[in-house]
Amino acid sequence: MKRFNFILIFVFYCNFSFAIQQDDSKHLQLANERIQQLINDAEVSVNTLDFDRAIEQLNSSLELSKSIDDKRFIALSSSILAKLYYIRHEYDKAITELNRAISIQREVGDEKGLAYSYVNFAKIFMAKHNKTRANRYLNLAEELYLKLDNQEYLGIVSLNRAIIIQKSEKQINEALKLLEKAKIQLSESENMYELSRLYYYTGRAHIALKNYELAEENCNKALAIAKANNFGGMIMSIYKQLSIIYEETGNYKTSLDYLQKSYARNDSIIAMNKEVLAEQANAKYGIDALQSSLNELSLQNAEQESKLKVNKLTTILSVALITILSLLTLSLYKNNNLRARANELLQKKNTELTKAKENAEKASLAKAQFLSTITHELRTPLYAVTGLTHLLLEESPTENQKEHLNSLKFSGEYLLSLINNILDLNKLEANKVEVMEASFDLKKRISDVLVALQNSADQKNTKIHLNYDNSIPEEIKGDPLKISQILINLIGNSIKFTEDGDIWINVSKNSHEGNIILLDFEIKDNGEGISKEKQKAIFENFTQGSTQINRKFGGTGLGLSIVKNLLSLLGSEIELESDLGKGSTFTFQLKFEAKEIENNTNKTSQDAEAPVEDRLEGKNILIVEDNKINQMITRKILEKHQVICEVADNGTIAVEKTKENEYDLILMDIHMPGISGIEATKEIRKFNTEIPIIALTAVTLDDNLDEFYLNGFSDIIPKPYKTEEFFLKINKQLALKQSTV
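Residue numbers (full-length UniProt numbering): 1 to 741.
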């Protein structure tokens, strides 16, 4: 009987033990799964720069790992924590965690984890610019991954090798080969972070080789992956790299947009992690020390109560005082650390803003250089057009030819005005362009505009109707060039968008008080029209009604913007009424100074400026010009007035000719091969201070003309010029020279 009872007890014990073992095994499996999930989540949080969540997840994984005494997971948690410190540039902390992880991984024989730690060590030394040690750790990692036949992580090793040698310009092609190798090895990888790095650094390599199209393509692939997985740091870096690409290809606006996106992403990362930075400082320097202090005080208090049981009030007051002092110390230390961190972040931000300013200044300088170059390139051929037109007009053309040549001359003059306003659009918007005042016949101006545009209207089978109020004085005072440009742009715009239709130009007097007259202008057509949605934006730069209209009719979309700026300069605004498919009506008002009729009829010869006497006949003039066509035109224009002309192809020849010969006047081009016109003038002034030298230049003159006069020029004639102005200034200088003799 006793033996039977013993057997029952033994069987019960075995079953009970087996059940406990099953429960322990299940618990261990669940713990392992939970730890692995926490570690995976922590690595994702590190990659997305969510440091507070990463630390929380790593702390949880460490606690669970320690509770089941799984050293492999403890080491892996330390390795990922090292990666977090590496991303935050806290390299010493990262190295400490990696040494702890590697020690454990070597102890337990975790080759995969050990290789992972070696790769992280290599990244740290890459950041510290220690290529030798970085390669050493990559070699150790590669040896283990080859043993494990892990192609994915061999691809990560290849990627990091490429990053190391990519910093040397001589090894860019070798780096690209390694990146292609890594791409093959990572082809089946689900590690989105490393794939994003792969395309990012491939883009960087192509930038070094100036393959900007391939660079942009790879950066966009990297950006798509980074955005899909919210890799904040990668997104910020890719934006910076795209900014560089667009800057190098001349797209400065897009470059600046991407630079601003990079700064915005940087700000969001700082904002996302500012709480965890404060909590870390508090945890490191405050809570543990305070808790330890409180525990020690509690033990001392217990000992005193057990031994002496006296002086309780003194002990309590001492504890309270020490606690208050500890809290004050903690608060001061925490504030100092936060202030130091804030100062560091502020310095980084200032550095970034300084770089942004430098980039903006570089873009502005490039724009200024472009405008200077294009000004000269456009004015030079236009000089030939206007000059040859003048010569043809003086060669007794037929009436029909004369009409065409006058239209050509008029169009050339206003093309020059259009070029000037396009190139000086920034000045227009800043109200820096001066308004000229001159007397002119408004009706004749409008007629000249219509003659110039008639051919375009005929091609569109469009009729132009002018309704002009005859009560408007014949002669008014204003800026005729700007009025002409406004009308050319508005009427030209109507012609462009009106086929087989009509255009009406209505000019009427609104009011006339004293010598100030207010006129209403209306340009109306029955063409394409503009939709209500586009009417507000139609006066912005490079804007048209729609993409379809742009494709059908062409154009830059700049004309109406120039009109708006010109009218603003003249103190007026433009209004638009339009319906899609029915046509458009543009209206504006302008003030002019009108001369009284009696003043016109009773004007004496003393009121008019005395004409300058023609002194050109027989004069000897030196033309300094490197462009053969311009030489020929200037020479022929002068020789028609019995001028003796000589030509110098550059500034050096001009100086020599002036030393050897006596000239009545020099026409000096500014931009020439060898020494410039300014330098040549300086040399001539060293031995001849009397001869008039007129700058004949195709560059855009800025507000500071003193530089020309200070360098010895007597006057300036911008090309292309009106022949009347050309001869007027030459005769003035010849008269001044004669009066001083």
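All C-beta atoms, glycine included, are put in the ideal place defined by N, C-alpha and C. Predicted model only: the values in this text are computed from it and were never measured.
Check	Outcome
The segment 85–93 touching the segment 116–133, judged by at least three CB pairs closer than 8 angstroms	yes
Proximity of ILE35 and SER61 at Cβ, strictly below 7 angstroms	yes
C-alpha gap between LEU576 and HIS404, whole angstroms	34 angstroms
Assigned exposure category for SER508 - 16 Cβ within 10 Å defines buried	exposed
Proximity below 7 angstroms, CB of LEU98 to CB of ASN120	yes
Selected residue, minimal CA-CA separation from SER439, among LEU453, ASP448, ALA452 and PRO473	PRO473
Residue range of the unbroken beta strand (DSSP E) whose run includes ASN506	502–513
GLN180: first and last residue of the uninterrupted alpha helix (DSSP H) it sits in	Before going on, a small fix: residue 180 reads as Glu here, not Gln. Per DSSP, GLU180 belongs to the alpha helix (DSSP H) from 172–185.
As assigned by DSSP and simplified to three states, the class of VAL385	helix
PRO673 classed as buried or exposed, judged by whether at least 16 other C-beta atoms fall within 10 angstroms	exposed
Rounded separation between TYR246 and GLU683 - CA only	44 angstroms
Backbone secondary structure at LEU570 - three-state DSSP	coil
ASP669 vs LEU696 beta-carbon contact at 7 angstroms	yes
Among PHE708, THR658, TYR91 and LEU622, the one whose alpha carbon lies nearest that of LYS686	THR658
C-beta contact flag for LYS619 and VAL647 at 7 angstroms	no
Three-state class that DSSP yields for ASP257 in the structure shown	helix
Alpha carbon of ALA115 to alpha carbon of ALA141, nearest angstrom	4 angstroms
Classification of TYR709 by the beta-carbon crowding that lies within 10 angstroms, buried from 16 upward	exposed
Close-in-space but distant-in-sequence residues of the same chain around ASN32 (CB under 8 angstroms, 5 per side omitted)	ILE68, ASP70 and PHE73
LYS210: first and last residue of the uninterrupted alpha helix (DSSP H) it sits in	Per DSSP, LYS210 belongs to no alpha helix (DSSP H) and is neither H nor E.
Length of the line joining the Cα atoms of residue 744 and ASN150	With the chain covering only 1 through 741, there is no way to say anything about residue 744.
Reduced DSSP secondary structure (H/G/I, E/B, other) of ASP267	helix
Complete alpha helix (DSSP H) runs within the segment 127–160 (minimum length 4 residues, chain order)	131–148
Exposure of VAL435, with buried meaning 16 or more beta-carbon neighbours within 10 Å	exposed
Straight-line Cα distance separating ASN343 from ASN335	12 angstroms
Per DSSP, cross-strand counterpart(s) of PHE592	ILE517
Contained beta strand (DSSP E) runs [length at least 3] in the segment 652–676, N- to C-terminal order	665–669
Euclidean distance between Cα positions of GLU573 and PHE539	11 angstroms
Residue from GLY250, PHE231, LYS253 and TYR200 whose Cα sits closest to the Cα of SER268	PHE231
Validate contact between the segment 129–140 and the segment 177–194 using beta carbons, cut 8 angstroms, 3 pairs	no
Beta-carbon separation (whole angstroms), THR249 vs TYR193, contact threshold 8 angstroms	Wrong, their Cβ atoms sit about 28 angstroms apart, outside the cutoff.
Selected residue, minimal CA-CA separation from PHE726, among HIS671, SER676, HIS641 and THR681	HIS641
Alpha-carbon spacing of LEU353 relative to GLN459, whole angstroms	54 angstroms
Collapsed DSSP secondary structure at HIS465 in the structure displayed	strand
Reference ILE446; option with closest CA among LEU325, SER45, ARG339 and ILE491	ILE491
Residues bridged to ALA228 (per DSSP)	Beta-bridge pairing links ALA228 to no other residue.
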